[in-house]
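Here's the structure we're looking at; comments come further down.
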Amino acid sequence: MNIHEYQAKQIFAKYNVPVPKGKVAFSVDEAVANAKELGGNIWVVKAQIHAGGRGLGGGVKLAKSIDEVKQFATEILGMTLVTHQTGPEGKLVQKIYIEEGADIADELYLGVVLDRAKEMPVIMASTEGGMEIEKVANETPEKIVKVAVDPSIGFQGFHGRKLAFGLGLPKEQIGKFIKFAAALYRVYMDNDASLIEINPLVKTSAGDFIAIDGKMGFDDSALGRHPDIEAMRDVSEEDPAEMEAGKYGLSYVKLDGNVGCMVNGAGLAMGTMDTINYVGGTPANFLDVGGAASAKTVAKGFEIILRDPNVKSIFVNIFGGIVRCDRIANGILEATKLVNVSVPVIVRLDGTNAPEAAEILKNANIGNVIAATDLGDGAKKAVAAAKGE
Ligand code: GDP
Ligand code: MN
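Counting with the numbering used here, you get residues 174 to 562 for the letters of the sequence shown.
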């Protein structure tokens with residue numbers, strides 16, 4: 174789960190990670206009231222969407238008067254913001270953050286992310302803040318300093334010094350930076366985050382560090398022990414089909430291809446997607462119907478897959494281990510009564526009671542249901558059907 178910048182900054186503040194003062198607004202009037210309440214004479218008006226690159230897309234504006242706050246709030250609220258992370262369709266801006274303007278001497282980058290190969294959180298810092306960190310990583314990787322922190326030891330002074338020296342900070346700023354990084358590591362660990370990114374981390378002319386931006390992602394499996402974070406969920410930022418699938422115990426991720434996939438087990442689902450690619454097709458989705466697939470979940474699966482207009486065929490690839498294939502075959506028949514399945518459905522059922530399942534499907538004799546003998550055969554037939562062959 175991801176949260177908005179303003180929410181990440183609320184969490185930062187609790188851990189004494191310095192952030193500018195700011196307040197979220199849902200209307201232009203509220204934005205103006207917030208700016209007056211914050212005081213000062215320079216404000217930043219920032220679109221709150223779950224995507225980065227807002228600045229370049231026109232979603233971050235510096236206002237030098239209350240009139241300008243009003244003008245920028247009017248422009249940004251309700252706009253469809255397109256950034257390199259939103260895709261060409263962009264995202265509707267429904268809330269904005271009004272923040273006191275920061276005095277920026279230098280823009281750095283600081284992030285914490287789980288390194289799965291090292292099995293440890295890694296803190297990354299760079300002098301090249303403000304720009305796309307992916308570009309820095311590709312073109313000048315030596316400009317990113319990394320330290321892995323063994324969670325059983327925790328963040329220590331030497332971790333902080335390695336980062337601070339790597340950034341080439343002057344002596345008098347090292348202590349402040351280490352305190353900042355230590356607090357950020359606490360934020361990451363205490364909240365079961367999977368990612369924190371501060372880009373830019375600003376150094377002021379007085380040599381203080383402030384988080385000007387803040388992105389946080391969380392481990393979904395740990396949300397159960399963080400009701401306060403779960404409460405920050407913004408469903409309007411999430412894919413409605415993926416959310417609905419979750420309610421029925423289905424794991425669904427939409428992709429860009431045209432072969433819909435309905436598979437049991439995440440490993441088999443990945444293998445199925447690979448096989449579709451291997452035989453020259455592209456999967457339209459990842460869908461794991463789980464171990465307890467029933468007629469109802471299969472029908473829901475068809476419904477969700479078919480909502481994607483790109484889908485030209487569906488490959489049902491189920492291995493009957495705990496779940497019996499004859500039940501799945503009946504589920505498919507049931508589902509075709511509940512949902513209008515308008516594209517060819519290629520079915521490969523193997524494992525427990527596979528012969529019975531084949532018999533059921535054969536006897537039902539539904540026009541657009543095509544039997545496959547194995548994974549490779551099924552993938553080929555599904556890809557051919559998607560191409561209209
Ligand atoms: P992003 O584009 O989605 O990553 O949004 P950011 O929060 O990083 O804002 C984009 C850019 O706006 C930053 O890199 C800064 O250069 C600039 N910016 C943000 N806040 C301030 C501020 O308080 N003062 C000034 N001068 N610039 C700011
Ligand atoms: Mn940023």
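Don't be surprised by glycine CBs; every beta carbon is placed ideally from N, CA and C.
Runs of the alpha helix (DSSP H) spanning 4 or more residues and lying entirely within the stretch 209-282 occur at 239-249, in chain order. Counting only runs that start and end inside the stretch 443-493, the alpha helix (DSSP H) elements of at least 4 residues fall at 468-479. Just so you know, the alpha carbons of D392 and P517 end up roughly 37 Å apart.
In its chain, beyond the 5 residues on either side, V295, I296, H332, K335, L336 have a beta carbon closer than 8 Å to the beta carbon of V320.
Take M435, set aside five residues on each side of it, and the residues of its chain with a beta-carbon closer than 8 Å to its own are L460, V462, V471, G474, F475, I478, I487, F488, V489, N490, I491, in chain order. Distance from the C-beta of E272 to the nearest heavy atom of the ligand GDP is below 7 Å.
Judged by the Cβ position, P373 qualifies as a neighbour of the ligand MN at the 7 Å threshold, a heavy atom of the ligand being closer than this. Taking each of P261, V266, G260, K237 in turn and checking the Cα distance to I249, the smallest one comes out for V266. Rounded to whole angstroms, the Cβ separation of G195 and E315 is 34 Å, and the two are not in contact under 8 Å. Within the DSSP secondary-structure output, E370 pairs in a beta bridge with G284, K388. With respect to the 8 Å criterion, G226 and H177 are not classified as neighbours on the basis of their beta carbons. In the three-state reduction of the DSSP assignment, F382 falls in the strand class, which pools E and B. For G330, the uninterrupted alpha helix (DSSP H) run begins and ends at 330-339, by DSSP. If you compare the alpha carbons of D401, A531, A552, K485 with that of R500, the shortest gap goes to A531. Close CB contacts of R398 within its chain, under the 8 Å cut and outside five residues either way in sequence, are with D365 (chain order). Residue environment: S367 is assigned as buried (16 or more neighbouring CB atoms within 10 Å of its CB, all protein chains considered).
Residue environment: S299 is assigned as buried (16 or more neighbouring CB atoms within 10 Å of its CB, all protein chains considered). As DSSP reads the structure, A298 sits in a beta bridge with L283, V318. In this structure M416 is exposed. Its beta-carbon is surrounded by fewer than 16 other beta-carbon atoms within 10 angstroms. Cβ-Cβ distances below 6 Å link D276 to T377, S378 in the same chain, with the five nearest sequence neighbours on each side left out; the list follows chain order.
The ligand MN has no heavy atom closer than 7 Å to the beta-carbon of D279. Beta-carbon to beta-carbon, V318 and L340 are separated by about 6 Å, close enough to satisfy the 8 Å threshold. Separation of F245 and Q221 (C-alpha to C-alpha, rounded to the nearest whole angstrom) is 14 Å. With a threshold of 7 Å, the Cβ atom of D401 does not count as near the ligand GDP, since no heavy atom of the ligand is closer than that. Cβ neighbours of D279 within its own chain (closer than 6 Å, five residues either side excluded): K376.
Here the alpha carbons of Y421 and N503 stand approximately 19 Å from one another. Between the C-alpha atoms of N437 and K469 there is a straight-line separation of about 14 Å.
Under the three-pair Cβ rule at 8 Å, the stretch 350-359 does not count as touching the stretch 194-212. The DSSP-derived three-state label of Y358 is helix.
In this structure, N175 lies away from G387, with their beta-carbon atoms at least 8 Å apart. In the DSSP assignment, A414 falls outside any beta strand (DSSP E) and lies within the alpha helix (DSSP H) extending over 413-420. Its Cα nearest to that of E507, the residue A537 stands out among T445, A537, E562, A310.
Counting along the chain, the unbroken alpha helix (DSSP H) around Y179 starts and ends at 178-187. Between I369 and V285, the C-beta spacing is below 8 Å. Taking every protein chain shown into account, the CB of I184 has 16 or more other CB atoms within 10 angstroms, so this residue is buried. Following the DSSP letters along the chain, one finds I519 inside the beta strand (DSSP E) bounded by residues 518-524.
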